[in-house]
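In our numbering, the protein residues as written are 540 to 607. Think of the CB as a built atom: it goes at the ideal place given N, C-alpha and C, for glycine as much as any other residue. The structure appears below as C-alpha coordinates.
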Amino acid sequence: PAPLLLGFVLGKLMEEYLRRALTISRGDATVFFTRPLSLVLLIIAAVLLVLVFMPAIARKRDEAFQEE
(Lines of atoms letter the chains of each structure in order from A and count residues from 1; the text may use other names and numbers.)
(Lines give C-alpha, C1' and ligand atoms only; values in the text may rest on other atoms or scores of the structure.)
Protein backbone atom coordinates (compact mmCIF):
# COMPACT_ATOMS: atom_id res chain seq x y z
CA PRO A 1 0.00 0.00 0.00
CA ALA A 2 2.84 2.46 0.72
CA PRO A 3 4.27 2.51 -2.84
CA LEU A 4 0.77 3.02 -4.22
CA LEU A 5 0.21 5.95 -1.87
CA LEU A 6 3.57 7.44 -2.84
CA GLY A 7 2.64 7.08 -6.49
CA PHE A 8 -0.59 8.98 -5.97
CA VAL A 9 1.07 11.73 -3.98
CA LEU A 10 4.21 12.18 -6.09
CA GLY A 11 2.75 11.34 -9.49
CA LYS A 12 1.13 14.73 -9.97
CA LEU A 13 4.30 16.57 -8.93
CA MET A 14 6.47 14.46 -11.22
CA GLU A 15 4.14 15.09 -14.14
CA GLU A 16 4.15 18.83 -13.45
CA TYR A 17 7.95 19.02 -13.28
CA LEU A 18 8.32 16.86 -16.38
CA ARG A 19 6.04 19.21 -18.27
CA ARG A 20 7.98 22.21 -16.92
CA ALA A 21 11.34 20.73 -17.96
CA LEU A 22 10.05 19.97 -21.45
CA THR A 23 8.67 23.50 -21.74
CA ILE A 24 11.99 25.03 -20.71
CA SER A 25 13.87 22.82 -23.18
CA ARG A 26 11.33 23.61 -25.93
CA GLY A 27 10.13 20.01 -26.12
CA ASP A 28 13.61 18.53 -26.48
CA ALA A 29 13.67 15.33 -24.40
CA THR A 30 17.44 14.92 -24.75
CA VAL A 31 17.83 17.28 -21.81
CA PHE A 32 17.17 14.23 -19.63
CA PHE A 33 20.14 12.38 -21.11
CA THR A 34 22.71 15.18 -21.36
CA ARG A 35 22.94 16.05 -17.67
CA PRO A 36 25.01 13.58 -15.64
CA LEU A 37 22.65 13.43 -12.67
CA SER A 38 19.54 12.81 -14.74
CA LEU A 39 21.35 10.18 -16.79
CA VAL A 40 22.44 8.37 -13.62
CA LEU A 41 18.89 8.45 -12.25
CA LEU A 42 17.49 7.08 -15.52
CA ILE A 43 20.05 4.27 -15.51
CA ILE A 44 19.19 3.40 -11.90
CA ALA A 45 15.48 3.34 -12.78
CA ALA A 46 16.14 1.06 -15.76
CA VAL A 47 18.24 -1.33 -13.64
CA LEU A 48 15.53 -1.45 -10.98
CA LEU A 49 12.89 -2.26 -13.61
CA VAL A 50 15.02 -5.09 -14.96
CA LEU A 51 15.56 -6.45 -11.44
CA VAL A 52 11.83 -6.38 -10.75
CA PHE A 53 10.89 -8.27 -13.91
CA MET A 54 13.77 -10.79 -13.93
CA PRO A 55 12.21 -13.29 -11.48
CA ALA A 56 8.95 -13.42 -13.43
CA ILE A 57 10.77 -13.91 -16.73
CA ALA A 58 13.02 -16.59 -15.23
CA ARG A 59 10.01 -18.39 -13.75
CA LYS A 60 8.18 -18.44 -17.09
CA ARG A 61 11.33 -19.61 -18.87
CA ASP A 62 11.80 -22.42 -16.34
CA GLU A 63 8.18 -23.50 -16.80
CA ALA A 64 8.58 -23.53 -20.57
CA PHE A 65 11.70 -25.71 -20.44
CA GLN A 66 10.48 -28.17 -17.83
CA GLU A 67 10.14 -31.72 -19.05
CA GLU A 68 6.85 -33.43 -18.51
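Enumerate in chain order the residues of its own chain whose CB-to-CB distance from residue i is below 8 Å, with the five nearest sequence positions on each side excluded.
i	result
L580	none
Hey, residue i and residue j are a contact pair by Cβ (cut 8 Å); roughly how many whole angstroms apart?
i	j	result
A568	L561	7 Å
Taking the alpha helix (DSSP H) that residue i belongs to, which residues open and close that run?
i	result
P540	Looking at the DSSP string, P540 is not in any alpha helix (DSSP H), and its letter there is neither H nor E.
Quiz item: What are the complete alpha helix (DSSP H) segments, minimum 4 residues, inside the stretch 566-599?
Solution: 570-573
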